[in-house]
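What follows is a set of notes on a single structure, which appears directly below.
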Amino acid sequence: MKPSQIIFSTYSPLMAVDTELVGSDGKTVATPRVCSLCRCGESSMKPMCDGTHAQIGFVGEREDANKPELEYYRGKDITIVYDRYLCMGIGYCGELEPVFGTHDQPKYEPDAAPVEEIIATIKKCPSGALSYIVGDEHYKNYYSQTKIVVEKDGPLLCQGKITLIDDQDSDSFLPDGDHYTLCRCGGSKKKPVCDGSHEEIDFKG
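This is the structure:
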């Protein structure tokens, strides 16, 4: 099986290579071995690129490259690991409010719920911002199947070891590439990573 890749430059769309694409309706999209995905937010053929990025002079340069250190919240049986840079604010963690708090008032209380519930909640996080340590093992790889899922009115959810190749060394911002989210609204300041800007600009697609 050939390795899955996403290849792009500062000014180009995302070129997905040997990767399954799943639409926002949950159905697999028939694509060639290499398909071009919009990241400027203006294509009339979303999620596919139609060349609009060239017409509008899209520049996909990272504006915020200040990646803070990982945060560790140690409990009796589990340590929650938080990568603040990768968080795109989707809010699944808030479903376990005693541990993670709310969107407006986040917190990290690893002893406030059963370990199994905390792990299940962490695994819902699509961006890779949350992972966990039990014993001496850091768990951050959850996907056996490689695919890109189009989130309705949101980012691309990349799952299962898809190598990111670009001219800004973006792969170094990812913990190990098992899962991450890529901006397709064109508004993220952490491009190519999603930072939740699609919510602010009311992106549709």
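Numbering (our numbering), first residue to last: 113 to 317.
Where is the CB? At the ideal position from N, CA and C, for every residue including glycine.
Euclidean distance between Cα positions of residue i and residue j
| i | j | result |
| --- | --- | --- |
| Thr214 | Tyr255 | 26 Å |
| Phe285 | Ser156 | 30 Å |
| Leu182 | Tyr244 | 12 Å |
| Tyr292 | Gln280 | 16 Å |
| Lys236 | Gln257 | 15 Å |
| Pro218 | Glu228 | 20 Å |
| Gly308 | Ile202 | 7 Å |
| Val129 | Asp223 | 42 Å |
| Val246 | Leu294 | 28 Å |
| Glu312 | Ile190 | 34 Å |
| Ala232 | Lys158 | 31 Å |
| Thr131 | Val261 | 10 Å |
| Gly138 | Pro238 | 16 Å |
| Phe315 | Lys264 | 9 Å |
Proximity to residue i [Cα-Cα], best of the options
| i | options | result |
| --- | --- | --- |
| Val141 | Met160, Pro238, Gly206, Glu221 | Met160 |
| Lys303 | Gly172, Ala128, Ser136, Cys147 | Gly172 |
| Leu268 | Val305, Tyr197, Gly289 | Val305 |
| Lys252 | Asp195, Met127, Val129, Arg296 | Asp195 |
| Lys301 | Lys179, Ile118, Lys219, Gly247 | Lys179 |
| Ala225 | Phe212, Gln217, Thr293 | Phe212 |
| Gly187 | Ile277, Glu312, Thr143, Ile230 | Ile230 |
| Ser116 | Thr122, Ile234, Cys147 | Cys147 |
| Ile119 | Asp283, Asp216, Asp278 | Asp278 |
| Ile234 | Val193, Tyr197, Lys259 | Val193 |
| Leu242 | Leu149, Tyr197, Asp162 | Tyr197 |
With 16 other Cβ atoms within 10 Å as the buried cut-off, status of residue i
| i | result |
| --- | --- |
| Thr275 | exposed |
| Met200 | buried |
| Gln271 | buried |
| Tyr220 | buried |
| Tyr184 | exposed |
| Pro144 | exposed |
| Gly317 | buried |
| Pro210 | exposed |
Counterpart residues of residue i in DSSP-defined beta bridges
| i | result |
| --- | --- |
| Leu126 | Leu149 |
| Met160 | Leu149 |
| Pro218 | Gly213 |
| Leu276 | Ile118 |
| Thr293 | Leu269 |
Contact set for residue i: own chain, Cβ-Cβ below 7 Å, skip 5 residues either direction
| i | result |
| --- | --- |
| Cys152 | Thr164, His165, Ile168, Phe170, Gly298 |
Sequence-distant residues of its chain with Cβ nearer than 6 Å to residue i (five each side left out)
| i | result |
| --- | --- |
| Glu175 | Lys301 |
| His310 | Gly266, Cys297 |
| Gly135 | Val141, Val262 |
| Asp283 | Leu276 |
Same chain only: Cβ atoms within 8 Å of residue i, ignoring 5 sequence neighbours per side
| i | result |
| --- | --- |
| Asp290 | Gly240, Lys252, Asn253, Tyr254, Tyr255, Gln271, Gly272, Lys273 |
| Thr122 | Val171, Gly172, Glu173, Asp278, Asp279, Gln280 |
CB contact check: residue i to chain B, cutoff 8 Å
| i | result |
| --- | --- |
| Cys199 | Note that chain B does not occur in the displayed structure, where there is just one protein chain. |
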